[in-house]
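Visitor: Chains as they are written, first to last, in my numbering: chain A, 2 to 210; chain B, 18 to 148.
Beta carbons are placed, not taken as given, at the ideal position from N, Cα and C, and that holds for glycine.
This is the structure I want to talk about, given as structure tokens.
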């Protein structure tokens, strides 16, 4: 009897969300984008698995230890990590509707993301210049597919960031822009999480004996 | 009747509750995450290059450090918590991780097994000569 009363009380105080009106659009949108990001991570998992399977299949071509430069990778990692941090600070500025802070955070995030992408493209160009093209071996195909896919995501994120800043400038902090900015910061943090797996599996494990 | 309790959107910073307990400011949360992530990254790069550690254990150590850093990113940058307003986000994440684990572990296991059971090419050559 007492238990039943206790359960009734819980029901009264903790009014279940499913019995209420639908959740606010902000929560629905962010949750949907979260599901998309998880499916994106699953896609990266398949590329990681492919890379792990093919990493020894160099077909007599160059191996990772011969190709990768750890200094470049460390700078790339630093760029992406700090840009993830400034993206978080930008989210705080957006939350308190400070447009100067938002633009400043976006500028640094963009600059660091662009620096990351430039370093990665230079690395790819150097590899292709010495004949380490995706056609050379299964290992290089898997490498370019995995790292290139992440690079494409970063490039898309940079374009998205520019579009968002244009929307902030023209529309101001309306709810729709707020939601998109929340999705952007989710996307940018997720890219950094994928890069953690990437520099560990591809670069650090590739160069350690 | 109280207000309905909706789940928190992923990536949203938890609202500050008016309590006596000290709470870190939002910027401090991000800064803590950055410091922890930098420490873990630096450790990863050190582990990969040092000769102090037992070489066969380095790969495992790197995986552990990477998973720890992903956790730091999830908690400090994406604000995923175990709170009741985060159940949906955590469940979706758990399902994603299950699929990732099945794909990665399953693929490497099966292909490693196939590779191990593959006849070495020298044996193939011998077979051809015996025929």
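#1: For residue 112(B), count neighbouring Cβ atoms within 10 angstroms of its own Cβ and tell me buried if that reaches 16, exposed if not.
#2: Which residue spans inside the stretch 63 to 138 of chain B form an unbroken alpha helix (DSSP H) run of at least 4?
#3: Nearest-angstrom Cα distance between residue 192(A) and residue 105(A)?
#4: Where does residue 37(A) sit, in a helix, a strand or coil, going by DSSP?
#5: Roughly how many angstroms lie between the CA atoms of residue 1(A) and residue 133(A), to the nearest whole one?
#6: According to the Cβ coordinates, are residue 52(A) and residue 139(A) closer than 7 Å?
#7: By Cβ distance, which residues of its chain are closer than 7 Å to residue 158(A), with the 5 residues on each side in sequence left out?
#8: Any residues in the stretch 116 to 130 of chain B with a beta carbon nearer than 7 Å to a beta carbon of chain A? Which ones, in chain order?
#9: On a Cα-Cα basis, can you pick out the residue from 186(A), 184(A), 32(A) and 148(A) that is closest to residue 45(A)?
#10: CB residue 73(A) to CB residue 79(B), shorter than 7 Å?
#11: Answer with yes or no whether the minimum CB distance from residue 43(B) to chain A is below 7 Å.
#12: If residue 28(B) and residue 85(A) are in contact, beta carbons under 8 Å, what's the gap, nearest whole angstrom?
#13: Once you ignore the five residues that flank residue 1(A) on each side, which residues in its own chain have a CB closer than 6 Å to its CB?
#14: Using a Cβ-Cβ cut-off of less than 7 Å, give me the residues of the stretch 35 to 68 of chain A that come near chain B, in sequence order.
#15: Could you check whether the stretch 37 to 55 of chain B touches the stretch 92 to 99 of chain B, counting it as contact only if at least three pairs of C-beta atoms, one from each stretch, sit closer than 8 Å?
#16: Take residue 35(A) as the anchor and find which of 109(B), 56(B) and 53(B) has the nearest alpha-carbon.
#17: From residue 92(A) to residue 103(A), what distance separates their C-alpha atoms?
#18: Thinking just about the alpha-carbon of each residue, which of 168(A), 136(A) and 198(A) is nearest to the one in residue 62(A)?
#19: Taking only three categories from DSSP, how would you classify residue 70(A)?
#20: For residue 197(A), tell me which candidate among 23(A), 24(A) and 42(A) has the shortest Cα-Cα distance.
#21: Residues of chain B with CB closer than 9 Å to the CB of residue 181(A), please, in chain order.
#22: Give the straight-line distance between the Cα atoms of residue 24(B) and residue 134(B), rounded to the nearest whole angstrom.
#23: Could you give the C-beta distance for residue 51(B) and residue 82(A), rounded to a whole number, given that I count them as a contact under 8 Å?
#24: At the level of alpha carbons, what is the spacing between residue 14(A) and residue 106(B)?
#25: Would you tell me roughly how many angstroms separate the C-alpha atoms of residue 89(A) and residue 101(B), rounded to the nearest one?
#26: Examine chain B for any beta-carbon lying closer than 7 Å to the beta-carbon of residue 151(A), and answer yes or no.
#27: Around the Cβ of residue 98(A), are there at least 16 other Cβ atoms within 10 angstroms (buried) or fewer (exposed)?
#28: Report the residue from 118(A), 166(A) and 207(A) whose alpha carbon sits nearest the alpha carbon of residue 101(A).
#29: Can you tell me whether residue 26(B) is buried or exposed? The criterion is at least 16 other CB atoms within 10 Å of its CB, across all chains shown.
Guide: By the coordinates alone:
#1: exposed
#2: 75 to 89 and 104 to 134
#3: 21 Å
#4: helix
#5: Only positions 2 to 210 of chain A appear in the structure, and residue 1(A) is not among them; the question remains open.
#6: no
#7: 114, 188, 189 and 192
#8: 116, 117, 120, 121, 124, 125 and 128
#9: 148(A)
#10: no
#11: yes
#12: So it is not a contact: roughly 12 Å between Cβ atoms.
#13: No answer is possible for residue 1(A): it lies beyond the span of chain A, which begins at 2 and ends at 210.
#14: 35, 36, 39, 42, 43, 46, 47, 49, 50, 53 and 54
#15: yes
#16: 109(B)
#17: 8 Å
#18: 136(A)
#19: coil
#20: 42(A)
#21: Near residue 181(A) there are no residues of chain B at all, since even the closest Cβ is about 12 Å away, more than 9 Å.
#22: 50 Å
#23: 7 Å
#24: Unreliable positioning characterises residue 14(A) in this predicted model, as indicated by a pLDDT of 49, which lies under 50. The coordinate reading is nonetheless provided below. So the two alpha carbons sit approximately 23 Å from each other.
#25: 23 Å
#26: no
#27: exposed
#28: 166(A)
#29: buried
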